[in-house]
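Numbering (our numbering), first residue to last: 18 to 155.
As structure tokens, then:
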């Protein structure tokens, strides 16, 4: 039986950035591998809703990363959907699970979507009888 204490460990970093006003913005999660794998391994990942909702605020992503012998660092990209809605900052999780020949140090990274939209105020003239005439200075 193999001792898992000697497996390399994977650590995932949180990501915080603005959402954008249209299209999608890539949130790139960096995953580092501590130690050098002596055998091939793998782990799976998937996005999980927090206050952000899949397919409305971000595109659900899942898959498996194969770690080759002598592998090192990896990235997982999640697309965040831009909009012009004024809303609170939102978050989603990138969950790592099902490790094979690696140890997962932190199994959840947080993707924080910063709202970059400001409220607008529309001002209209409503029923006014006042007329302003301005004469340009000469």
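By construction, the Cβ of each residue, glycine as well, lies at the ideal position given by its N, Cα and C atoms.
What is the DSSP secondary structure of residue i, counted as helix, strand or coil?
{"i": "residue 114", "result": "strand"}
{"i": "residue 24", "result": "coil"}
{"i": "residue 31", "result": "coil"}
{"i": "residue 126", "result": "strand"}
{"i": "residue 131", "result": "strand"}
{"i": "residue 78", "result": "coil"}
{"i": "residue 89", "result": "coil"}
{"i": "residue 71", "result": "strand"}
{"i": "residue 65", "result": "strand"}
{"i": "residue 140", "result": "coil"}
Once the 5 residues before and after residue i are set aside, which same chain residues still bring their CB inside 6 Å of it?
{"i": "residue 103", "result": "134 and 136"}
{"i": "residue 35", "result": "131 and 133"}
{"i": "residue 44", "result": "32, 95, 97 and 128"}
Just checking my contact of residue i with residue j at CB under 8 Å: how many whole Å lie between their CB atoms?
{"i": "residue 107", "j": "residue 68", "result": "5 Å"}
{"i": "residue 48", "j": "residue 93", "result": "7 Å"}
Below 9 Å between beta carbons: does that hold for residue i and residue j?
{"i": "residue 28", "j": "residue 51", "result": "yes"}
{"i": "residue 95", "j": "residue 60", "result": "no"}
{"i": "residue 31", "j": "residue 129", "result": "yes"}
{"i": "residue 97", "j": "residue 75", "result": "yes"}
{"i": "residue 118", "j": "residue 24", "result": "yes"}
Of the residues the options, which one's Cα is nearest the Cα of residue i?
{"i": "residue 73", "options": "111, 63 and 40", "result": "40"}
{"i": "residue 116", "options": "38, 57, 101 and 128", "result": "57"}
{"i": "residue 125", "options": "64, 87, 24 and 33", "result": "64"}
{"i": "residue 85", "options": "55, 141 and 109", "result": "55"}
{"i": "residue 26", "options": "105, 70, 88 and 66", "result": "88"}
{"i": "residue 99", "options": "123, 90 and 71", "result": "71"}
Among residues of its own chain, excluding the 5 on either side of residue i, which ones have a beta-carbon nearer than 8 Å to its beta-carbon?
{"i": "residue 62", "result": "78, 79, 80, 81, 82, 93, 111, 112, 113 and 114"}
Counting only beta-carbon separations shorter than 9 Å, does residue i have a partner in chain C?
{"i": "residue 132", "result": "Among the chains in the structure shown there is no chain C, since it carries only a single protein chain."}
Within a Cβ cutoff of 7 Å, which residues of the same chain sit near residue i, ignoring the five residues on either side of it in sequence?
{"i": "residue 66", "result": "109"}
{"i": "residue 123", "result": "28 and 29"}
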